[in-house]
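Visitor:
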Amino acid sequence: VIELELGPTLRAARRHKGAFALVVMQLGASFTILASLVVVGAWIRQFSRMSTGFDETDLIGVEIHGAGSMALPASSEIAAASRLWPPVRAEDGALTLHRVGDRAVRGWSVYADRSVVGVLGLRLIEGALPVDVGPGAVILTQSLRAKLFPGGAPALGATITSDDAPPGRVVAVVGDVMLRDPYFSDLHTIAIRLSRPPTPGVASYLVRAHAGRRAAAAAALATALGPGGPDRVVAITPYAMVGSRFRSAADGLQKLFAIVGLTVAAIALIGALAGSSFIVAARRRDVGVRRALGARRRDILRYFLVEASLMAALGVGLGVTVTGGLLWAMHGLFYELPIKTEHFVVVAVVLWANAIGAAWLPARRAAQIPPSMASQGG
Amino acid sequence: VGGLRYHLRLAIASLRRDRRLTIAVFLCLALGSGMWTMIVTHYRRSYPPAPDLPPGLHQVEIRHPRALEVDKGTVAEGSGWHARTRVTFPEYELLAGSGIPTRQTGTYRTRLVVARDPAAPARMINVRFAGADFFGLFRVTPGAGRTFTRDEEQRGAAVAVVGRCFAEQQIGTANAVGRTLLIEGRPFQVVGVLGADQPERPEWDIVWSARDQDALYLPFDWGRRLSVSPGHAALQSPLADDPEALWRSDAVFVAFWMELPDAGRRAAYADYLARVLGPRGQPYWLRSYAAWRPLFTEPASDIMFFTIVVAVGLAGAAATAARLMLAKGLARRPELAIHRALGATRAALFRMQMLEAVLIAFPAAVGGIACGAALHVFYNRFVSETDMPVALGGTEVLIGAATAVAVTLLAAIYPAWRASRTPPTFYLGRV
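So the sequences go chain by chain: X and H. Using our numbering, the letters of the first sequence map in sequence onto residues -15 to 362. Using our numbering, the letters of the second sequence map in sequence onto residues 277 to 707.
Right under this line is the structure:
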């Protein structure tokens, strides 16, 4: 069967090699662009939706910039509040080196008071947080602990120094949480310092509202803190909105990818439709001869569909090679790029369906060609 | 001319006859070149050519090993921009204290509480502190008013230069000269408004590339007076607990530039550096802007990836167009055979096909630019992360149009060649 179907197709491909090469090139290029957009789009989506590791549902961020700072109001809507200082949002490059002995590890410093553990719902893995914990106490995330104290060396009670803070003593280790910033690495390696930084610049709080009372708590905070003024900025935002600018840009980028992807698919479809029509029209006499030699209509239909499938397979093969090479060459640009087989399979199926769909109508027309066409020119 | 007119009429008639194919070719090329035009704009924005700055512009790099280590944690891993292009405040004072008569500036940026008038609510605004020479050294020119002067800087005058975008969006007028802004609760008078948006890569402080632009410029010394906390400061050791700690610390945050326009001043400054920095044992390098810039080119970014992907897409569009033109040419073989039988040479048929391609190429170029412009609008509205709009400039329009024409003509060569090889006897088999 394969010999019967592939033989004429391969002969036709040899005869029309220019046209076939163009089809394969076009399909390969379409595959490359679509697969790249799907893979990178999935990566952007994953990155923009990355979880911090703590429940953000009822969390509110409060920042007061400008002259003086204010105490947060006591409110029946508020479950707990923690004073903390940038870079809780990991902005403006507050990355530093943490050291234990000769070992130096790159990571973040977050300054907070002890209630941050309860407000964020951090999971204590080692140590405890006594009420009288003094200044200089440090809580490490699991990732930072593993890097600073490899091989399970004891961490509690150890002295840790940093380039941006006085020496501190490790009092606890908590499960990993993550700062949300697309522009930096090491977002899990965090030292939470239970002290005030020397130049705070801004009064910053994290507030956890009672379950389901976030809006009411935010309103109560806004009323109590006032609207700000010419020398003071008060910002009250749901914590889930942190990084929302990046997220909305990521959403926009995905829409743009979708537009470009649809455009490419449209170009591919236009090309496939016109190409298939031409291929069929140019071979009316061949079809007539085959029909005269006993080929049935469904044989003719299958002949053109096999041909379209073969070209799609070659195009996809070319596309997979180019896309794979491109993503391999550029993998350093996309941190933890998730290259999944299903992405490639989906694009391959779309292009194959595109090619088959475009070949179907002309092939059906070809199947109607009478055997008498064999005796005509063409 | 008559011949050309005849061939043009023939080509137009041919394009009209196969209208659907013509439209399909046009769409393929317009959409492909539209995407290309957009990516070219982004590429040129992310990897701009070196701007025309004074030839004598110099920067001193002082080695900061600890800050350099932290630099590896940014997305531009290993770039060293934070540590290598900036110095500490005490180092800045040393670098700026040579006494050589020339233009020089230190600069850094932070976010401050700014209100457009005493009755208005304040906002957090990007403020750059810079010397009076900053504007001349980097050719940052006002569109209205003037920049602040050395005299005002020395007197500690509360004056500000406003970015164009900030003036239009926050103050509500492009001519805000004379207005008073409240910055951290203190009144500053606006003396000038810049005439253009900041480039995506500000050469004066490249760590702020691809971020929101500088909204306000204040005299350098005001930063210390306002006790600001500079953005992107790379701390190398803990700060003491007092307001002056930052200014005597080893925190790296000031970009310093000076103009050394002649050999005499360059030599004098090199001697000065050897005297003040040499004994410290800390490696340093004095570089002209021309030597500095290749060391701090933009790292490979996702824009490069998308440029390659779109180039592949453009090749795909060209292949589609070629396939369509091939289909059209081959479908017209009987007609071409008649032309050949009537004496038309192969070259004439080839030219005829190429002329048709030319007639498609120019509308495709226009369509591509329109498509690119639409994509820019979409990008600025839904994707852009900064306040610097992506604009389709003259160069990008030219590149986009030239690409569309070139790709169309390239795509047409094979189909035209195939069509021109139609034998004069071809039609005989049809009758």
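Where is the CB? At the ideal position from N, CA and C, for every residue including glycine.
With a cut-off of 8 Å, do at least 3 Cβ pairs link the stretch 623 to 633 of chain H to the stretch 24 to 43 of chain X?
Guide: Taking 8 Å as the limit for Cβ pairs, the verdict is that the stretch 24 to 43 of chain X does not touch the stretch 623 to 633 of chain H.
Visitor: Tell me, please, whether the CB atom of X/Met34 is closer than 8 Å to any CB atom in chain H?
Guide: The count along the first sequence starts at 1 and reaches residue 34 of chain X at position 50. Answer no: the Cβ-Cβ gap between X/Met34 and chain H never drops below 8 Å.
Visitor: So if I threshold CB-CB distances at 7 Å, which residues from the stretch 214 to 233 of chain X count as touching chain H?
Guide: Those residues of the stretch 214 to 233 of chain X that come within reach of chain H (Cβ to Cβ, closer than 7 Å) are Pro214, Asp215, Arg216, Val217, Arg229, Phe230, Ala233.
Visitor: Between X/Arg348 and X/Pro355, what straight-line distance do the alpha-carbon atoms span, to the nearest angstrom?
Guide: On the first sequence, residue 348 of chain X is found 364 positions in, with the first residue counted as 1. On the first sequence, residue 355 of chain X is found 371 positions in, with the first residue counted as 1. Each residue's Cα considered, the two are about 15 Å apart.
Visitor: Checking 8 Å against the spacing of the C-beta atoms, do H/His334 and H/Leu562 come in under that value?
Guide: Against the second sequence, residue 334 of chain H aligns to sequence position 58. Against the second sequence, residue 562 of chain H aligns to sequence position 286. Yes.
Visitor: In angstroms with no decimal places, state the Cα-to-Cα distance between H/Trp312 and X/Ile220.
Guide: In the second sequence, counting from the first residue as 1, residue 312 of chain H sits at position 36. In the first sequence, counting from the first residue as 1, residue 220 of chain X sits at position 236. Distance between the alpha carbons of H/Trp312 and X/Ile220 is about 42 Å.
Visitor: Leaving out the 5 sequence neighbours to the left and right, which residues in its chain are closer than 8 Å to H/Thr425 when beta-carbon positions are compared?
Guide: What you label residue 425 of chain H is simply residue 149 of the second sequence in a count that begins at 1. Around H/Thr425: Ala408.
Visitor: Which residues, in chain order, does the stretch 79 to 108 of chain X contribute to contact with chain H at a C-beta distance below 8 Å?
Guide: Those residues of the stretch 79 to 108 of chain X that come within reach of chain H (Cβ to Cβ, closer than 8 Å) are Leu79, Thr80, Leu81, Ala88, Arg90.
Visitor: Rounded C-beta distance between X/Ala149 and X/Ser188? I'm assuming under 8 Å.
Guide: Within the first sequence, numbered from 1, the residue matching residue 149 of chain X stands at position 165. Within the first sequence, numbered from 1, the residue matching residue 188 of chain X stands at position 204. Not really, about 17 Å apart at Cβ, beyond 8 Å.
Visitor: By the 10 Å Cβ neighbour count, where 16 or more other Cβ atoms means buried, how is X/Arg33 classified, buried or exposed?
Guide: Residue 33 of chain X sits at position 49 when you count from the first residue of the first sequence. Exposed is the call here.
Visitor: Find the nearest neighbour of H/Trp533 within the set H/Ser309, H/Phe442, H/Leu606, H/Val363, judged by alpha-carbon distance.
Guide: Counting from 1 along the second sequence, the entry for residue 533 of chain H is found at position 257. Cα-wise, what sits closest to H/Trp533 is H/Val363.
Visitor: Counting only beta-carbon atoms, is X/Leu6 nearer than 8 Å to chain H?
Guide: Position 22 of the first sequence holds residue 6 of chain X. Closer than 8 Å: yes.
Visitor: Ordered along the chain, which non-local residues of its own chain (more than five positions away) have a Cβ less than 7 Å from that of H/Val552?
Guide: For the purposes of this step, residue 552 of chain H is taken as residue 276 along the second sequence, with counting starting at 1. Excluding residues within five positions, the ones whose Cβ falls inside 7 Å are Leu370.
Visitor: Is the shortest distance between the beta-carbon of X/Ala(-3) and the beta-carbons of chain H less than 8 Å?
Guide: Numbered from its first residue, the first sequence carries residue -3 of chain X at position 13. For X/Ala(-3), the answer is no, since every Cβ of chain H falls outside 8 Å of its Cβ.
Visitor: Just to make sure I have the definition right: I need the residues of chain H whose C-beta is within less than 7 Å of the C-beta of X/His49. Which are they?
Guide: Within the first sequence, numbered from 1, the residue matching residue 49 of chain X stands at position 65. Simply Val389, Met400.
Visitor: Between the Cα of X/Arg87 and the Cα atoms of X/Ser179, X/Leu257, X/Gln352, X/Thr145, which residue gives the shortest distance?
Guide: To locate residue 87 of chain X, count along the first sequence from 1; it is residue 103. That would be X/Thr145, whose Cα lies nearest to the Cα of X/Arg87.
Visitor: Less than 7 Å between C-beta atoms, sequence neighbours within five positions excluded: which residues of the same chain meet that for X/Gly210?
Guide: The residue labelled residue 210 of chain X in the question sits at position 226 within the first sequence. Correct list, in chain order: Val218.
Visitor: Quick test of your reading: X/Arg274 and X/Ile284, contact by CB under 8 Å. State the CB separation rounded to the nearest angstrom.
Guide: To locate residue 274 of chain X, count along the first sequence from 1; it is residue 290. To locate residue 284 of chain X, count along the first sequence from 1; it is residue 300. Sure, about 7 Å apart at Cβ, within 8 Å.
Visitor: Spell out the partners DSSP gives X/Gly152 in its beta bridges.
Guide: Along the first sequence, one-based indexing puts residue 152 of chain X at 168. In the DSSP output, where bridge partners are listed per residue, X/Gly152 has X/Ile144.
Visitor: Between the stretch 573 to 588 of chain H and the stretch 318 to 337 of chain H, do at least 3 Cβ pairs fall closer than 8 Å?
Guide: Segments in contact, yes.
Visitor: Name, please, each residue of chain H whose Cβ falls closer than 8 Å to the Cβ of X/Met9.
Guide: As a working note, residue 9 of chain X is residue 25 in the first sequence. Those are Ala591, Gly592, Ala595, listed as they occur along chain H.
Visitor: Should X/Phe38 be labelled buried (16 or more other beta-carbon atoms within 10 Å of its own) or exposed?
Guide: For this step, residue 38 of chain X is matched to residue 54 along the first sequence. Buried: at least 16 other Cβ atoms inside 10 Å.
Visitor: Do H/Ala527 and H/Ala509 count as a contact pair if the criterion is CB distance below 8 Å?
Guide: Position 233 of the second sequence holds residue 509 of chain H. Position 251 of the second sequence holds residue 527 of chain H. Yes; because the gap between Cβ atoms is below 8 Å, this pair is in contact.
Visitor: Alpha carbon to alpha carbon, how far is X/Pro222 from H/Gly454?
Guide: Walking along the first sequence from the start, residue 222 of chain X turns up at place 238. Walking along the second sequence from the start, residue 454 of chain H turns up at place 178. Cα to Cα, X/Pro222 sits roughly 38 Å from H/Gly454.
Visitor: So for H/Tyr655, helix, strand or coil by DSSP?
Guide: Position 379 of the second sequence holds residue 655 of chain H. Of the three classes helix, strand and coil, the one that applies to H/Tyr655 here is helix, per DSSP.
Visitor: Just to make sure I have the definition right: I need the residues of chain X whose C-beta is within less than 8 Å of the C-beta of H/Gly308. Which are they?
Guide: Indexing the second sequence from 1 puts residue 308 of chain H at position 32. What H/Gly308 touches in chain X: Ile251.
Visitor: Mind checking if X/Ile340 is an interface residue toward chain H, Cβ cutoff 8 Å exclusive?
Guide: Stepping through the first sequence from its first residue, residue 340 of chain X is reached at position 356. X/Ile340 does not count as touching chain H.
Visitor: Using 8 Å as the threshold, is the C-beta distance between H/Cys647 and X/Gly255 below it?
Guide: Along the second sequence, one-based indexing puts residue 647 of chain H at 371. Along the first sequence, one-based indexing puts residue 255 of chain X at 271. Not in contact: H/Cys647 and X/Gly255 (Cβ atoms no closer than 8 Å).
Visitor: Any C-beta of chain H sitting closer than 8 Å to the C-beta of X/Arg348?
Guide: If you number the first sequence from 1, residue 348 of chain X lands on position 364. With 8 Å as the cut-off, X/Arg348 does not count as an interface residue toward chain H.
Visitor: Quick check on X/Leu366: buried or exposed, where buried means 16 or more other Cβ atoms within 10 Å of its Cβ?
Guide: The requested residue 366 of chain X is not part of the displayed model; chain X covers only -15 to 362.
Visitor: Kindly indicate the opening and closing residues of the beta strand (DSSP E) around H/Ser564.
Guide: Translated into the one-based positions of the second sequence, residue 564 of chain H becomes position 288. That run of the beta strand (DSSP E) goes 560 to 564.
Visitor: My guess is that H/Gly592 and X/Ser293 are in contact by the Cβ rule of under 8 Å, so how many angstroms apart are they, rounded?
Guide: Walking along the second sequence from the start, residue 592 of chain H turns up at place 316. Walking along the first sequence from the start, residue 293 of chain X turns up at place 309. So it is not a contact: roughly 19 Å between Cβ atoms.
Visitor: Hey, does H/Ala576 have any beta-carbon neighbour from chain X nearer than 8 Å?
Guide: Looking up residue 576 of chain H in the second sequence gives position 300. Closer than 8 Å: yes.
Visitor: Going by C-alpha to C-alpha distance, which of X/Leu190, X/Gln10, X/Arg(-5), X/Gln30 sits closest to X/Leu237?
Guide: One-based indexing of the first sequence puts residue 237 of chain X at position 253. The candidate whose alpha carbon is nearest that of X/Leu237 is X/Gln30.
Visitor: Starting from H/Leu670, find everything on chain X with Cβ-Cβ shorter than 7 Å and list it in chain order.
Guide: Working through the second sequence from its first residue, we reach residue 670 of chain H at position 394. Going by the sequence as given, residue 670 of chain H is Gly instead of Leu. The premise fails here: H/Gly670 is roughly 24 Å from chain X at the closest Cβ pair, so nothing lies under 7 Å.
Visitor: Do H/Pro700 and H/Ala613 count as a contact pair if the criterion is CB distance below 8 Å?
Guide: For this step, residue 613 of chain H is matched to residue 337 along the second sequence. For this step, residue 700 of chain H is matched to residue 424 along the second sequence. Yes, the Cβ-Cβ distance between H/Ala613 and H/Pro700 is below 8 Å.
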